[in-house]
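Working notes, beginning with the structure itself.
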Amino acid sequence: MQAVSRLTAQRRLRRYSDALKQQLPMLRRRFHVQYLGLFGSYVQGTPRRHSALDILVDFSKTPSLFEFIELEDYLSDLLGIKVDLVMKGTLKPLIGRRILDEVVGL
């Protein structure tokens with residue numbers, strides 16, 4: 535897969551971050567989102583052309599599977615990129631530590 539330039543990745547990350555920050559009040563009301571953070575290849579500055587945006591999420595009320603998928607689809611449509619949503623409470627110890635070390639909270 536073709537890599538995206540670091541500058542392009544930074545610009546996209548900023549655009550995605552700004553859009554998510556604007557939507558946070560609605561996301562809290564509609565989906566009970568308590569926390570959103572970005573991690574993965576965009577934060578590392580190493581996305582590929584078809585990389586998904588990795589988003590760590592925590593909820594004030596545990597969503598149903600349908601609600602979780604609805605949120606993931608909503609964010610993908612909003613940002614115009616495939617979103618991989620990961621629940622903070624489901625992180626395995628080893629990978630979870632790495633994610634928590636690099637996550638950029640919104």
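First residue of the sequence shown? That's 535 in my numbering, and the numbers climb one at a time after it.
Glycine included, every Cβ here is placed at the ideal spot set by N, Cα and C.
If you're wondering where the values come from, they're calculated on a predicted model, not measured in any experiment.
- With fewer than 16 other Cβ atoms inside 10 Å of its own Cβ, residue 614 counts as exposed.
- The Cβ-Cβ distance between residue 538 and residue 581 falls below 8 angstroms.
- In the displayed model, residue 582 falls within a strand according to three-state DSSP.
- Contact annotation: residue 550 and residue 587 have beta-carbon atoms nearer than 8 angstroms.
- For residue 572 against residue 547, the beta-carbon gap comes to about 7 angstroms, under 8 angstroms, which counts as contact.
- For residue 589, there is no enclosing alpha helix (DSSP H); the residue is part of the beta strand (DSSP E) that begins and ends at 587 to 593.
- Between residue 579 and residue 543, the C-beta spacing is below 8 angstroms.
- The closest CA to that of residue 540, considering only 593, 612, 577, is found on 577.
- Within the same chain, Cβ atoms closer than 6 angstroms to the Cβ of residue 555 are found at 640, the five residues on either side in sequence being excluded.
- When secondary structure is reduced to three states using DSSP, residue 619 falls in the strand class.
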